[in-house]
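Student: Numbering (my numbering), first residue to last: -4 to 273.
Positions of the beta carbon are idealized from the N, C-alpha and C atoms, including for glycine.
(1) With a threshold of 6 Å on Cβ separation, who are the neighbours of residue 24 within its own chain once the five nearest residues in sequence on each side are excluded?
(2) May I ask whether a heavy atom of the ligand SAH can be found less than 8 Å away from the beta carbon of residue 135?
(3) Which same chain residues, not among the five before or five after residue 5, have their C-beta less than 6 Å away from its C-beta?
(4) Which residue spans inside the stretch 194 to 260 form an unbroken alpha helix (DSSP H) run of at least 4?
(5) Within 10 angstroms of its Cβ, does residue 0 collect 16 or more other Cβ (buried), or is it exposed?
(6) Go ahead and label residue 195 buried or exposed: buried means 16 or more other beta carbons lie within 10 angstroms of its beta carbon, across all protein chains shown.
(7) Look at the Cβ atom of residue 223, then the Cβ atom of residue 154, and state whether they are nearer than 9 Å.
(8) If you draw a straight line from the C-alpha of residue 173 to the C-alpha of residue 221, how long is it?
(9) Return the CA-CA distance between residue 111 and residue 209, expressed in angstroms with no decimal places.
(10) If you follow the beta strand (DSSP E) that residue 176 is in, where does it begin and where does it stop?
(11) Work out the CA separation of residue 45 and residue 131 for me, nearest whole Å.
(12) Out of 48, 136 and 157, point me to the one whose CA is closest to residue 189's CA.
(13) When the Cα of residue 17 is compared with those of 260, 244 and 261, which residue comes out closest?
(14) Could you check what DSSP says for residue -1 in three-state terms: helix, strand or coil?
(15) In the DSSP assignment, find the alpha helix (DSSP H) that holds residue 121 and state where it starts and stops.
(16) Would residue 239 be called buried (16 or more neighbouring beta carbons within 10 Å of its own) or exposed?
(17) Tell me, which residues are paired with residue 24 by DSSP?
(18) Could you please give the first and the last residue of the uninterrupted beta strand (DSSP E) stretch that includes residue 100?
(19) Give me, in chain order, the residues of the same chain whose beta-carbon lies closer than 7 Å to that of residue 228; leave out the 5 immediate sequence neighbours on both sides.
(20) What whole-angstrom Cβ distance do residue 235 and residue 258 have, given they're in contact under 8 Å?
Here it is, written out as structure tokens:
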């Protein structure tokens, strides 16, 4: 079984490319971020014709998360407990919740598609929102594991954090000035490991970026960032047999600025004869 995450950066602009890749790579479940549309605007028919059912959470032309799965999805939720909201210029509880989280259960695995807030700048209210968002997500994930230590759970998506210096190839990011690489963001990311979740891709693919800005020839120069991750609970990690970052999806016509990250999951029948992708 193959499970992947991909910030598609507008599914309506990249539906054919997305589905073609899913079929070519034999993807069973794809978590998508930045779909940038409401459910009624999502190009569902293309996915359904390829054999996928959908779970979609989008509120406007911004943000938005979704799942496409060959398997039944149950227990679908669009928030986690105490997920904070955001409204520019406003503070306090009760702010509008953005379409940044979608949880589903597939084959007894609890999967999340997550689009972590960007943060914008270190002195922006959006940065405080980002840290709060990550803290509340971590608390929920830790609570779930406390209730069920054998739960196979994966937190997948665009984390907008580059946790290691080796994850940063973009020369415009400056320590002490830029988001994505600040100590508070990295600490918030590291807190998930303390809560029982580990990056299940890095042990197999220790190096490689997942995002390159469209400007300044960032991709040809390989000046990217590693900010898309699959963090798994111990039970989920035990199922992972392989992982890959599909860098070539940043090439060609009208690509997303992110590329897919995927894991191979041990099949019940032990049949896993698909070719390895590097």
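Tutor: A quick look at the data gives this:
(1) As a working mapping, residue 24 is identified with position 29 in the chain shown. -2, 64 and 101.
(2) This structure lacks the ligand SAH, and indeed carries no ligand of any kind.
(3) In the chain shown, the residue the question calls residue 5 occupies position 10. In the same chain as residue 5, and ignoring 5 residues on each side of it, the C-beta atoms closer than 6 Å to its own belong to 31, in chain order.
(4) Here the runs fully enclosed are 229 to 234.
(5) The residue given as residue 0 occupies position 5 in the chain shown. With 16 or more other Cβ atoms within 10 Å, it is buried.
(6) Numbered from 1 along the chain shown, position 200 holds the residue referred to as residue 195. It counts as buried.
(7) Looking up residue 223 in the chain shown gives position 228. Looking up residue 154 in the chain shown gives position 159. Cβ atoms of residue 223 and residue 154: closer than 9 Å.
(8) Taking the chain shown and counting its residues from 1, the one referred to as residue 173 is at position 178. Taking the chain shown and counting its residues from 1, the one referred to as residue 221 is at position 226. Cα-Cα distance, rounded: 15 Å.
(9) Translated into the one-based positions of the chain shown, residue 111 becomes position 116. Translated into the one-based positions of the chain shown, residue 209 becomes position 214. Rounded to whole angstroms, residue 111 and residue 209 show a C-alpha spacing of 20 Å.
(10) Residue numbering aside, residue 176 sits at position 181 when the chain shown is read from its first letter. It is not in any beta strand (DSSP E) - residue 176 carries neither H nor E in the DSSP assignment.
(11) Along the chain shown, read from residue 1 onward, the residue named residue 131 stands at position 136. Along the chain shown, read from residue 1 onward, the residue named residue 45 stands at position 50. The straight-line gap from Cα to Cα measures roughly 36 Å.
(12) By 1-based counting over the chain shown, the position of residue 189 is 194. Minimum Cα distance to residue 189 is reached at 136.
(13) Counting from 1 along the chain shown, the entry for residue 17 is found at position 22. Among 260, 244 and 261, the Cα nearest to that of residue 17 belongs to 244.
(14) Here residue -1 refers to the residue found at position 4 when the chain shown is read from its first residue. Judged by DSSP in its simplified three-state form, residue -1 adopts strand.
(15) Here residue 121 is taken as the residue at index 126 of the chain shown, counted from 1. Counting along the chain, the alpha helix (DSSP H) containing residue 121 begins and ends at 120 to 142.
(16) The sequence position of residue 239 within the chain shown is 244, counting from 1. Its Cβ being crowded by 16 or more others within 10 Å, residue 239 is buried.
(17) For the purposes of this step, residue 24 is taken as the residue at position 29 of the chain shown. Residue pairing from DSSP places residue 24 in a beta bridge opposite -2 and 64.
(18) Along the chain shown, read from residue 1 onward, the residue named residue 100 stands at position 105. Counted as a single uninterrupted DSSP element, the beta strand (DSSP E) harbouring residue 100 occupies residues 96 to 101.
(19) The sequence position of residue 228 within the chain shown is 233, counting from 1. Contacts found: 140, 146, 147, 148, 191 and 192.
(20) Numbered from its first residue, the chain shown carries residue 235 at position 240. Numbered from its first residue, the chain shown carries residue 258 at position 263. Contact holds; Cβ gap of about 5 Å.
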